[in-house]
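Working notes, beginning with the structure itself.
Residue numbers (UniProt numbering): 1 to 194.
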């Protein structure tokens with residue numbers, strides 16, 4: 001947070017430490033912020049990501065919660081691990097179990113352009129409920145069941161038949177990663193009584 005004036009040391013001169021101007025971009029309701037003046041426009045980074053996300057009305061989704069974790073590993077390990085489904089048969093044996101997948105390029109027949117890639121998880125239901133459980137929320141009409149979309153280097157946007165979630169991965173130290181996850185649902189779903 002920002003310190004109050006009376007909490008600052010007497011020698012602090014805010015003219016010497018002005019707030020930096022930030023570059024703010026928006027993509028379908030998601031806000032992207034950077035302090036870098038050299039970063040290319042967001043549209044260049046996202047390229048043709050719409051081919052993967054067009055079925056999901058993300059701009060009509062609302063945030064329903066957010067969690068933050070410190071993970072004892074390098075940030076690259078987290079991004080790599082969440083960008084494939086090979087580990088689910090072992091790490092999530094008692095929940096998700098095996099989860100076949102294929103590259104987005106193979107599923108859609110179009111190569112990703114820009115700083116993103118994705119994995120398609122085929123299926124006729126949301127992956128959010130555990131296998132054998134009924135989906136608690138109304139499902140969207142989508143072309144695919146689930147996509148894990150990695151927006152390099154440190155963001156993942158995952159979409160399935162009834163919701164979406166984003167994951168930001170930032171290095172805290174060389175061996176510790178701060179993982180923040182946000183959960184998104186269609187506005188109509190959030191009005192369903194509990």
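C-beta: ideal position from N, C-alpha, C; glycine also.
Considering only heavy atoms of the ligand SAM, does any lie closer than 7 Å to the CB of residue 153?
The ligand SAM is absent from the structure shown, which contains no ligands of any kind.
8 Å contact criterion, which residue 115 and residue 152 should meet: CB distance rounded:
4 Å
Boundaries of the alpha helix (DSSP H) in which residue 53 is found, first to last residue:
Residue 53 -> alpha helix (DSSP H) spans 50 to 53.
Rounded C-alpha distance that separates residue 189 from residue 12
Cα-Cα distance, rounded: 49 Å.
So for residue 35, helix, strand or coil by DSSP?
coil
Buried or exposed: which applies to residue 90, given that a residue is buried once 16 or more other Cβ atoms fall within 10 Å of its Cβ?
exposed
Between the CA atoms of residue 10 and residue 59 - distance to the nearest angstrom:
Going from the Cα of residue 59 to the Cα of residue 10 covers about 46 Å.
Considering only their Cβ atoms, is the gap separating residue 139 from residue 162 smaller than 8 Å?
Going by C-beta atoms, residue 162 is nearer than 8 Å to residue 139.
Following the continuous beta strand (DSSP E) through residue 70, name the residue where it begins and the one where it ends.
Residue 70 -> beta strand (DSSP E) spans 61 to 71.
Is the beta carbon of residue 26 less than 8 Å from the beta carbon of residue 180?
Result no, Cβ atoms of residue 26 and residue 180 do not sit closer than 8 Å.
Which residues in the same chain as residue 160 place their Cβ atom closer than 7 Å to its Cβ, once the five residues preceding and following it in sequence are excluded?
126, 127, 128, 145, 146
Neighbour-count burial assignment, residue 81, 16 or more Cβ in a 10 Å radius
exposed
Proximity to residue 168 [Cα-Cα], best of 124, 120, 20, 32:
32
Cut-off 8 Å between Cβ atoms - residues of its own chain near residue 56, not counting five sequence neighbours on either side:
Setting aside the 5 residues that flank it on each side, residue 56 is surrounded in the same chain by 140, 142, 159, 164, each with a C-beta closer than 8 Å to its C-beta; the list follows chain order.
Rounded C-beta distance between residue 73 and residue 177? I'm assuming under 8 Å.
6 Å
For the alpha helix (DSSP H) containing residue 75, name the first residue and the last one.
75 to 81
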